[in-house]
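In terms of this note's numbering, the sequence shown is residues 2 to 557.
All residues carry an ideal CB built from backbone N, CA and C; glycine is no exception.
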Amino acid sequence: MRQLGSRLLSRLARTLRGSLNLVGSASDGGTGTCELLVAASKTSRVAVSDTSTPVAPSPAPRDAFIQHWLSNPRVDLLSGLVVALALIPEAISFSIIAGVDPKVGLYASFSIAIIISMTGGRAGMISAATGAMALVVVPLVAEYGVGYLFAATILAGAMQIAFGYLGVGELMRFVPRTVMLGFVNALAVLIFLAQVPHILLNDEGMDSSKLGMNLGFIAAGLAIIYGLPRITKAVPSPLVAIVVLSGIAISMNLELPTVGDMGALPDSLPFFALPDVPFNMETLRIILPFSLTLTMVGLLESLLTAQLLDDLTDTDSDKNRESRGQGIANIFTGFLGGMAGCAMIGQSMINHRSGGRTRLSTLASGVFLLILILALGGLVAQIPMAALVAVMIMVALGTFNWNSVSPDTLRSMPRTETAVMVATVAVVVLTHNLAYGVGVGVLLSAVFFVRHVSHVVSVTSVLDPDNVERLYAVSGQLFFASTNDLVHAFDYDAVKVKRVEIDLSEARIWDTSAVVALDAVVAKFAERGIEAHLCGMNRHAEALHGKSTGKVSVGH
């Protein structure tokens with residue numbers, strides 16, 4: 002009503018100009034009511050002084066190197082060792098999922114980790130072979146062989162570099178907080194579900210008679226992980242748990258499932274070679290769909306993981322550089338005989354909780370992984386899976402946002418946001434694909450947002466003091482979803498004057514649907530012999546209305 006009050010005062014001033022001698026350039030020039038209102042609103046705006054803080058100068062190269070690499074080397078190296086130990090069984094598992102030799106996943110893991118430590122945009126984030134990427138290439142490997150997998154990995158890397166230069170990192174702003182919560186919670190559920198076969202020993206080839214001992218080792222591992230920090234934090238507790246439980250199992254010759262049971266570890270370095278595929282358009286036709294999917298899934302998981310670490314560390318990262326870095330790592334990995342990979346939120350959380358913050362922790366995870374599988378492969382193969390399962394349970398429990406499902410939070414959150422979070426989790430858990438869940442969450446958020454905004458269109462009116470015309474003020478977002486409410490918001494039959502003015506200075510016209518709706522409003526008044534005028538449109542709205550009015554309508 003403030004806007005209509007201003008309009009009414011303007012009209013009263015115009016009617017009193019003669020007696021008060023209010024004659025000026027505005028009346029001489031025939032300035033319309035809307036123009037006077039807009040001008041008045043412009044002159045009434047308070048000027049805000051520029052108080053922005055000067056941009057801090059960039060640190061010197063030496064200081065920047067120390068900050069990104071050597072700010073806490075002991076903790077970063079130990080954290081990298083913990084991550085490397087956790088990477089081995091997962092890399093082997095992902096290789097089995099993809100239908101390739103375990104060394105393909107292991108080669109990919111250390112190659113990507115080492116390269117991304119230098120090319121990525123998020124310090125302390127772990128990238129390697131992942132389950133989501135492995136699931137994408139299952140049909141490709143099954144039908145065409147591992148050579149096409151390497152070619153698809155290289156092409157996906159090139160696409161990721163291109164997307165990085167196109168600014169794909171800016172798209173992260175369109176991922177709502179509730180989708181991020183769903184993403185994190187779903188990932189925690191997936192991490193835990195992946196450990197269930199190793200907890201219950203109910204997978205094929207496992208000896209269920211060792212269930213009691215296995216559960217005891219897992220419980221002991223969790224006790225060390227959560228209990229040791231109460232005594233000292235000098236050494237990451239997950240690393241202590243792995244060393245202690247491995248020492249007990251090896252010294253007592255306990256026949257528990259081990260890392261070696263997951264698959265054979267490679268005993269030689271990979272070599273640089275071209276994929277064994279024909280270089281023609283047919284090969285491109287085969288790998289292009291898989292490469293595009295790998296690109297999108299990899300970027301989505303990597304950028305979401307980077308955003309999560311940004312929030313946890315209260316720092317920012319270069320998402321576009323991360324996209325390019327992922328592409329460079331995948332290209333090199335494809336030539337080294339590895340499968341495509343991306344950021345691993347589980348291992349990134351292990352790194353974060355173990356104290357790893359710099360690029361050195363990421364580099365250390367790759368280097369230690371290489372050393373472990375080549376120089377210490379025989380010893381690593383004897384590590385009981387129960388020790389690593391305890392670490393992954395710690396990661397799952399720490400990753401899940403328990404506050405998001407507390408009764409107080411659920412009561413205070415809008416139901417639409419809760420629905421988005423639940424849908425994201427449900428889709429991820431059912432499909433085991435984080436990209437699908439995030440896609441559904443973003444889509445649902447967009448639908449709920451459009452539904453909400455479409456009903457925030459207000460039309461108010463007041464009769465002119467001269468009893469000559471009625472003044473309407475429209476506010477809100479005018480687009481395809483709000484046009485129906487707009488058309489029916491006017492009281493056409495109640496208007497008794499011959500002229501109406503519709504002020505759009507507080508409205509935003511977004512598309513041609515809004516233009517058609519405004520034309521329909523004008524036409525409905527015209528059918529009743531009432532002259533309707535639109536005014537107060539900004540430059541964008543005037544241009545859109547001028548180009549589209551009378552040219553776009555339903556059924557024509």
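Here the C-alpha atom of residue 424 lies approximately 16 Å from the C-alpha atom of residue 450. By alpha-carbon distance to residue 246, the top candidate from 230, 222, 236, 234 is 222. With 16 or more other Cβ atoms from the protein chains shown falling within 10 Å of its own Cβ, residue 296 counts as buried.
Pairing residue 407 with residue 179 gives a Cβ-Cβ distance that is not under 8 Å. When secondary structure is reduced to three states using DSSP, residue 461 falls in the strand class. Judged by pairs of C-beta atoms under 8 Å, the stretch 156-165 does not touch the stretch 393-405, as fewer than three such pairs exist. With 16 or more other Cβ atoms from the protein chains shown falling within 10 Å of its own Cβ, residue 546 counts as buried. Here residue 126 is buried. Its C-beta has 16 or more other C-beta atoms within 10 Å. Here residue 258 carries a coil assignment [DSSP, helix/strand/coil]. Spatial neighbours of residue 177 in its own chain (CB-CB distance under 6 Å, excluding positions within 5 residues in sequence) are listed in chain order as 446. For residue 493, there is no enclosing beta strand (DSSP E), as DSSP marks it with neither H nor E. Here residue 70 is near residue 359, since their CB atoms are less than 8 Å apart. Between the alpha carbons of residue 160 and residue 426 lies a distance of about 28 Å. Annotation: the stretch 265-335 contains the following complete segments of the alpha helix (DSSP H) (minimum length 4 residues), in chain order: 282-314. Here residue 117 is buried. Its C-beta has 16 or more other C-beta atoms within 10 Å. The three-state reading of DSSP puts residue 199 in helix, counting H, G and I together.
Per DSSP, reduced to three states, the secondary structure at residue 84 is helical. Around the Cβ of residue 331, a 10 Å sphere holds 16 or more other Cβ atoms; the residue is buried. Beta-bridge partners assigned by DSSP to residue 473: 462, 503.
In the DSSP assignment, residue 75 forms no beta bridge with any residue. In the structure shown, residue 370 falls within a helical segment according to DSSP collapsed to helix, strand and coil. By the criterion of a C-beta distance shorter than 6 Å, residue 471 is surrounded in its chain by 462, 464, 496, 498, 501, once the five residues flanking it on both sides are discounted. Taking every protein chain shown into account, the CB of residue 199 has 16 or more other CB atoms within 10 angstroms, so this residue is buried. DSSP, reduced to helix, strand and coil, places residue 529 outside both helices and strands of the structure shown, so it counts as coil. Looking from the CA of residue 518, the closest CA among 486, 302, 413 belongs to 486.
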